[in-house]
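**Q** Quick note on the UniProt record's numbering: the sequence shown kicks off at 1 and runs consecutively.
Built from N, CA and C at the ideal position, the CB exists for glycine as well.
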Amino acid sequence: MGQVTIYLDDETETRMKEAAKANGVAVSRWVAELVREKTATEWPEAVRQLAGAWPDFPDAETLRHNQGQDVAREPF
C-alpha cells in the first residue's frame, strides 16, 4: 500500500478533518475514497440507474433522422 504526503493550508485541513469525522472514517480513508471517486473509470451506480428514466426521450435513430447521409471518404 502506498503512502502520499500532501500539504494543505490550515482551513483546508480543518475542513478535511471535519468531513472525515462527519463520515465516521479516518482522514486517510476519507482521502482514499475521494481519490477513488475522482479517478473512477465507470459511471456511478446512481447515474446508471437513470438509463431509461425519461420514457419520452428520443432514441438514437430519431435524433439522427434529419442529419442526412454521410459523404463518401476520399481514397488514400
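What did DSSP end up calling alanine 19 once you bin it into helix, strand or coil?
**A** Your numbering for residue 19 matches position 19 in the sequence shown. Here alanine 19 sits in helix by DSSP.
**Q** In the structure shown, what three-state DSSP assignment does leucine 8 receive?
**A** For the purposes of this step, residue 8 is taken as residue 8 along the sequence shown, with counting starting at 1. It is coil, neither helix nor strand.
**Q** With DSSP run on the structure shown, which of helix, strand or coil describes arginine 73?
**A** The residue labelled residue 73 in the question sits at position 73 within the sequence shown. In the structure shown, arginine 73 sits in coil (DSSP, three-state: anything other than H, G, I, E or B).
**Q** Going along the chain, which residues of its own chain have a beta-carbon closer than 6 Å to the beta-carbon of alanine 72, five neighbours each way excluded?
**A** Indexing the sequence shown from 1 puts residue 72 at position 72. Result list for alanine 72: empty, nothing under 6 Å.
**Q** Please work out which residues of its chain come closer than 8 Å, Cβ to Cβ, to leucine 8, disregarding the five sequence neighbours upstream and downstream, and give them in chain order.
**A** The sequence position of residue 8 within the sequence shown is 8, counting from 1. Answer for leucine 8: Met16, listed in chain order.
**Q** By the three-class DSSP mapping on this structure, what secondary structure does leucine 50 have?
**A** As a first step, residue 50 must be located in the sequence shown, where it is residue number 50. Looking at leucine 50 - three-state DSSP - the assignment turns out to be coil, as it is neither helix nor strand.
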